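Sequences listed follow chains A and B, in order.
Per my numbering, numbering through the first sequence is continuous, rising by one, with the last residue being 115.
Per my numbering, numbering through the second sequence is continuous, rising by one, with the last residue being 1115.
Yeah, the Cβ is synthetic: ideal placement off N, Cα and C, and Gly gets one too.
All figures in this text were calculated on a predicted structure; none of them were measured in a lab.
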Amino acid sequence: GAVVSQHPSWVICKSGTSVKIECRSLDFQATTMFWYRQFPKQSLMLMATSNEGSKATYEQGVEKDKFLINHASLTLSTLTVTSAHPEDSSFYICSDRSGRGGEQYFGPGTRLTVT
Amino acid sequence: GENVEQHPSTLSVQEGDSAVIKCTYSDSASNYFPWYKQELGKRPQLIIDIRSNVGEKKDQRIAVTLNKTAKHFSLHITETQPEDSAVYFCAASLFFSGGYNKLIFGAGTRLAVHP
């Protein structure tokens, strides 16, 4: 699969501020990307499916107004955590479906700490 | 919706022994079952996958078996090495034209291989 990159790799922000995380699918036109959240010692929980040129599809219980997703190009999806709170501190990972059979490959993740 | 259960949550083996991790899924329509390995602080890496038209798949020391009737699949690691120590996640998904649907992950198994 294609290499998936994320930026930043880690970020610390103050409560109430917003943070943008970028996910890039290199050498692959990713019409669909996925955003996951992983709390310490827990599994990956799908937050939303990001669709190029259209609105993201959010999983039940994920606030779409808090976690803004933009997929404006075939290689870039962004996740903005708005009005961040300490409970939003987590490991955020994106993935694409760049495998020959549609297999998902993950980015390196972004560790968000909200103080 | 799909639900994936994974056992055991922790597994400790001696180097050279075999390790088996088991998962069950609830949605009989699921037809794609990948396994990911995640080392501490890093991205999940796809290590092997199986589709519902196959009962078993091997890749060197790693094998996966699928029992569609019982709706369970297993990861087998033979001749374990210390570098196999990591958290392993199983997942289930439904394939549709254009790629695979969202992955539903198990809770993970923390494997420790002792020299």
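Item	Value
Out of curiosity, what's the CA-to-CA distance linking residue 1085 (chain B) and residue 1044 (chain B)?	13 Å
Taking just the CA atoms, how far does residue 1063 (chain B) sit from residue 56 (chain A)?	35 Å
Just to confirm my understanding: we take residue 1065 (chain B), look at its own chain, exclude 5 residues before and 5 after, and list those with CB closer than 6 Å. What are they?	1056, 1074
Listed from N- to C-terminal order along the chain, which residues in the segment 1019 to 1041 of chain B have their beta-carbon within a distance smaller than 7 Å of any beta-carbon of chain A?	1034
In the DSSP assignment, the beta strand (DSSP E) including residue 37 (chain A) goes from what residue to what residue?	32 to 38
Below 9 Å on C-beta distance, what does residue 957 (chain B) contact in chain A?	Examination of residue 957 (chain B) is not possible in this model, given that chain B is present from 1001 through 1115 alone.
From residue 946 (chain B) to residue 1006 (chain B), what does the alpha carbon distance come to, in whole angstroms?	There is simply no residue 946 (chain B) to check, as chain B begins at 1001 and stops at 1115 in what is shown.
Which residue from B:1051, B:1061, B:1031 puts its Cα closest to that of residue 1078 (chain B)?	B:1061
For residue 45 (chain A), list the residues DSSP reports as bridge partners.	A:37
On the DSSP bridge assignment, give the partners of residue 1072 (chain B) in chain order.	B:1024, B:1067
Kindly identify the DSSP beta-bridge partner or partners of residue 1034 (chain B).	B:1049
Chain A partners of residue 1057 (chain B), CB-CB under 7 Å?	What residue 1057 (chain B) touches in chain A: nothing, since even the nearest Cβ is about 13 Å away.
For residue 1090 (chain B), collect the residues of the same chain with a Cβ closer than 6 Å to its Cβ; drop the 5 residues on either side in sequence, then sort them by chain order.	1006, 1023, 1035, 1106
Mapping the DSSP letters down to three states, classify residue 87 (chain A) as helix, strand or coil.	helix
With distances taken from CA atoms, which of A:48, A:76, A:75, A:87 is nearest residue 68 (chain A)?	A:48
Would you check whether the ligand MG has a heavy atom nearer than 8 Å to the C-beta of residue 111 (chain A)?	This structure does not include the ligand MG; it has no bound ligands of any sort.
Is any beta-carbon of chain B found at less than 9 Å from that of residue 58 (chain A)?	no
Please state if the CB of residue 18 (chain A) and the CB of residue 82 (chain A) are separated by a distance shorter than 9 Å.	yes
Assign residue 1058 (chain B) to buried or exposed, taking buried as 16 or more other Cβ atoms, counted over all protein chains shown, within 10 Å of its Cβ.	exposed
Please return the same chain residues whose Cβ sits closer than 7 Å to the Cβ of residue 1019 (chain B), not counting the five positions on each side in sequence.	1011, 1013, 1077, 1080, 1111
What residues of chain A sit near residue 1073 (chain B), judged by a beta carbon separation below 7 Å?	Residues of chain A passing the Cβ test: none, with the nearest at roughly 16 Å.
Please report how far the alpha carbon of residue 1072 (chain B) lies from the alpha carbon of residue 5 (chain A), in whole angstroms.	33 Å
Could you tell me whether the Cβ atoms of residue 1015 (chain B) and residue 1113 (chain B) are closer together than 9 Å?	yes
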